[in-house]
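Heads up: the sequence shown begins at 1 in my numbering, then just goes up one per residue.
Beta carbons are placed, not taken as given, at the ideal position from N, Cα and C, and that holds for glycine.
In this text, all values refer to a predicted model and were calculated from it rather than measured experimentally.
Taking it in order: structure first as structure tokens, then the write-up.
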Amino acid sequence: MIAQLDESVPTRLGRALAAIGCRAIRFPNEWKGLKNGRLLNKLNESGIECLVTCDRNLQYQQNLERYGIALVVLPRQRFEDLLPLLGEIASAIANIRPGQVVVIADQGKV
Numbered sequence: 001m002i003a004q005l006d007e008s009v010p011t012r013l014g015r016a017l018a019a020i021g022c023r024a025i026r027f028p029n030e031w032k033g034l035k036n037g038r039l040l041n042k043l044n045e046s047g048i049e050c051l052v053t054c055d056r057n058l059q060y061q062q063n064l065e066r067y068g069i070a071l072v073v074l075p076r077q078r079f080e081d082l083l084p085l086l087g088e089i090a091s092a093i094a095n096i097r098p099g100q101v102v103v104i105a106d107q108g109k110v
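Here you go:
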């Protein structure tokens with residue numbers, strides 16, 4: 001599954017994930033500033049089924065099943081903090097299905 005990195009997620013995370021065989025694309029400049037509902041519509045229209053974000057509230061604010069989007073929630077925004085969690089993040093992206101939410105914990109456990 002191809003994952004879309006949210007605008008608050010470091011683009012270096014996408015490159016690090018690619019190095020271990022997981023495809024995560026950077027956030028398009030033209031989408032910056034979109035409200036969550038409009039962003040989920042854009043993802044759906046683009047055929048992207050997974051959003052990697054640091055926004056812990058998105059899962060409670062939007063009906064992800066309605067949009068056919070899966071959500072991987074990261075514990076932090078700093079790339080250096082996310083690097084030790086790379087395997088768990090990649091595994092979550094590989095195994096998640098639309099409508100599901102996976103929250104990655106600081107210790108790397110889901």
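Whose C-alpha, out of the options, is nearest the C-alpha of residue i?
{"i": "L87", "options": "S8, P10 and I20", "result": "First, the amino acid is wrong: residue 87 is Gly here, not Leu. Checked all of S8, P10 and I20; the closest Cα to G87 is I20."}
{"i": "R97", "options": "V72, Q61 and K42", "result": "V72"}
{"i": "I93", "options": "V9, D106 and V52", "result": "V52"}
{"i": "I80", "options": "R12, L5 and L34", "result": "Looking at the sequence itself, residue 80 is Glu, so the reference to Ile does not match. Here the closest residue by C-alpha is R12."}
{"i": "L39", "options": "I69, L17, G99 and R56", "result": "I69"}
{"i": "C22", "options": "N36, M1 and A105", "result": "M1"}
{"i": "E49", "options": "V101, Q62 and A3", "result": "A3"}
{"i": "E45", "options": "D106, W31 and V9", "result": "W31"}
{"i": "A16", "options": "A90, K35 and V102", "result": "A90"}
{"i": "Q114", "options": "P10, Q100 and G14", "result": "Nothing can be reported for residue 114, as the shown portion of the chain is limited to 1 through 110."}
{"i": "Q77", "options": "I25, D55, V102 and R26", "result": "D55"}
What's the gap between the Cα of residue i and the Cα of residue j?
{"i": "L34", "j": "D6", "result": "11 Å"}
{"i": "V102", "j": "N29", "result": "26 Å"}
List the whole-angstrom C-beta distance separating residue i from residue j, where the pair is believed to meet the contact cut-off of C-beta under 8 Å.
{"i": "P75", "j": "A105", "result": "6 Å"}
Curious, which full-length beta strand (DSSP E) runs of at least 3 residues does the region 26-106 contain?
As far as the region 26-106 is concerned, its whole beta strand (DSSP E) runs of at least 3 residues are 50-53, 70-73 and 101-103.
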